[in-house]
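Before any comments, here is the structure.
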Amino acid sequence: MSDKSGFFERVYEVCRKIPEGRVTSYGAIAKYLGAARSARMVGWAMNSSHNLEDVPAHRVVNRKGILTGKHHFGGSNAMQQLLEAEGVKVQDLQIIDFQKYFWDPMKELS
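Its first residue numbered 1, the sequence shown is counted upward by one per residue in the working numbering.
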C-alpha cells in the first residue's frame, strides 16, 4: 500500500464517522489527520471514493460550506439532494448556517 492509499483510507475512516445531517471540511479532516496543509489531498481522496458506497463524500465541503465536490456526483444536483435529504439546508451550492451543521473531527473524535 502506498503512502497515498494509506492516507486516503484514513480520510475514509474519518468520513465514515460524519453523522447524518452534519458536514465537515476537507481542511478539518486534514488537520485531524495531522496533515493540516493537505486539504487538497483530502479532496483527491473524496474524488477517488465514488465507488465506495460506505463513504458519505457528500458530507465533505470546503471551509466556507460550498459544495465544491458537486461535479464528482455526475454533474447533477445529487450532492445537494443528498444533503437536503439529511436535513442540511443548501442554497446556491452553499450550506446555509454552515456552523450549525459543521462537525469538527478534532472535537468529536478526540
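Just so you know, even glycine gets a beta-carbon here, dropped at the ideal spot from N, CA and C. The structure presented is a predicted model; accordingly, all values stated were derived computationally and were not measured.
Answer with buried or exposed for I29, where buried requires no fewer than 16 other C-beta atoms within 10 angstroms of its C-beta. buried
Does the Cβ of S5 have 16 or more other Cβ atoms within 10 Å, making it buried, or fewer, making it exposed? Around the beta carbon of S5, a 10 Å sphere encloses fewer than 16 other beta carbons of the protein chains shown; the residue is thus reported as exposed.
To the nearest angstrom, how far is the alpha carbon of R24 from that of L67? The amino acid occupying residue 24 in the given sequence is Thr; Arg does not appear at that position. Their backbone Cα atoms lie some 11 Å apart in a straight line.
Reduced DSSP secondary structure (H/G/I, E/B, other) of M1: With a pLDDT of only 46 at M1, under the threshold of 50, the placement of this residue in the model should not be trusted; the figure read from the coordinates follows. In the structure shown, M1 sits in coil (DSSP, three-state: anything other than H, G, I, E or B).
Report yes if the CB atom of G21 is closer than 8 Å to the CB atom of G65, and no otherwise. no
For F102, which three-state DSSP category applies? strand
Determine the DSSP secondary structure at V88, reduced to helix, strand or coil. coil
Would DSSP call V60 helix, strand or coil? strand
Mind checking whether A57 and G69 have CB atoms under 8 Å apart? yes
Check V55 in the structure and name its three-state DSSP category. coil
Are the beta-carbon atoms of A45 and F8 separated by less than 8 Å? Taking 8 Å as the cut-off, the Cβ atoms of A45 and F8 count as close.
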